[in-house]
Amino acid sequence: MHYSRPNLNPRTARKPAHVAIIMDGNGRWAQARGLPRFEGHRRGVEAVRRAVRSAIEHNVQFLTIYSFSSENWSRPPEEVAMLMGLLKRFIRNDLAELNANGVKVRIIGERDNLAPDIVALIDEAEMLTSGNRGLTLTVAFNYGARQEIVEAARRLAIDVRDGRLDAQAIGQDDLADRLDTAGLPDPDLVIRTSGEMRLSNFLLWQTAYAEFVFLPILWPDFDDAAFVSALDQYAARERRFGALVEPAAVKSAS
Ligand code: IPE
Ligand code: IPE
Ligand code: MG
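Here's what the structure looks like:
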């Protein structure tokens, strides 16, 4: 079964099934208060907890959060270490509660260059919650969309080389099924905080037809009101997927 295509019925676009968030502005939040950047990241974790609660409350089925990009390794080593430590602490402190709330945790991104203790925690989080049927929380950690697509292309090439796949028959689903996000529906709504308007190498393939909402607040200030504001903006959008608006809708309007 393939979930990779967007929902093609514009009438059901009112509520997003999958919300993806680029959590941005922790550093500026701290800077504005004369605090060290790490304080912004620490408060950012509290905003993650609020986002998870909001997603559950508003019946969003899939929440994906961008928490460390492949490019974030270029930050000072102390900040990188702090961000690694925060992921570990988040899993250690919050996993039991997430599990109790039926949340299914999934981590996407490269694992090869992560410390063994982080990989062990990621595996534990995924294993413990794999049977849960509530919100799917996907954490993009050490994630970069171009690397993900290259890796999927490599897997396709290997499958062709080994005779498991006919190169002529390769379709969109064959690539989508080899991405880290295989099995997840494409995001309907992408939210980015902090006022920046770019993807920063996040879910390039999967956001082909996503709606984008840019919030002018910094991530540590993200709360349910901000979530609702993004949902409201999404509900007012008209998703077309290249087609025309529904004939029924046009008829009733004339
Ligand atoms: C988002 O906040 C967190 C990560 C990218 C890890 P930033 O750390 O990017 O904060 P700004 O953009 O410098 O304000
Ligand atoms: C994107 O934010 C990455 C995450 C939110 C994890 P950045 O702050 O790293 O992005 P740029 O550098 O402003 O594009
Ligand atoms: Mg930033």
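Here the sequence shown is numbered in the working numbering, starting from -10 and rising by one per residue. We put the CB at the ideal spot given by N, CA and C, even for glycine. Just so it is clear, the structure is predicted and the values come from calculations on it, not from any experiment.
Under 8 angstroms, do residue i and residue j count as touching if we go by C-beta distance?
| i | j | result |
| --- | --- | --- |
| D212 | R39 | yes |
| A6 | D177 | yes |
| Y132 | S183 | no |
| P209 | G29 | yes |
| N121 | N88 | yes |
| L84 | L117 | yes |
| D175 | A199 | yes |
| D163 | L173 | no |
| R135 | I11 | no |
| A142 | I97 | no |
| I80 | A114 | yes |
| R244 | V108 | This structure cannot speak to residue 244, because the chain is shown only from -10 to 243. |
| L103 | K77 | no |
| G252 | I45 | Summary: the structure shown does not reach residue 252, with the chain confined to residues -10 through 243, and so no result is reported for it. |
| E140 | D13 | no |
Under the rule that 16 or more other beta-carbon atoms within 10 Å means buried, what is residue i, buried or exposed?
| i | result |
| --- | --- |
| I159 | exposed |
| P105 | exposed |
| P205 | exposed |
| V8 | buried |
| A215 | buried |
| A165 | buried |
| A224 | exposed |
| F27 | buried |
| A197 | exposed |
| R228 | buried |
| V37 | buried |
| V234 | exposed |
Give the range of the alpha helix (DSSP H) segment to which residue i is assigned.
| i | result |
| --- | --- |
| E137 | 134 to 150 |
| I107 | 105 to 118 |
| H47 | Note, H47: premise wrong, no alpha helix (DSSP H); not H, not E. |
| R78 | 66 to 89 |
| A165 | 161 to 165 |
| F216 | 213 to 224 |
| R17 | 15 to 21 |
For the beta strand (DSSP E) containing residue i, list its first residue and its last residue.
| i | result |
| --- | --- |
| R181 | 178 to 181 |
| R95 | 93 to 97 |
| A9 | 7 to 11 |
| F203 | 200 to 203 |
Pull up the CB-CB distance for residue i and residue j, whole angstroms please, since I reckon it's below 8 angstroms.
| i | j | result |
| --- | --- | --- |
| L262 | V69 | An answer regarding residue 262 cannot be provided, because it is not within the stretch -10 to 243 covered by the chain. |
| N61 | G33 | The Cβ separation is near 13 angstroms, so there is no contact. |
| L188 | R17 | That belief does not hold up - the Cβ atoms of L188 and R17 are roughly 19 angstroms apart, past 8 angstroms. |
| L192 | I138 | That pair is no contact at about 10 angstroms. |
| F201 | V179 | 5 angstroms |
Counting only C-beta atoms, is residue i closer than 8 angstroms to chain B at any point?
| i | result |
| --- | --- |
| A21 | In the structure shown, chain B does not exist; there is a single protein chain. |
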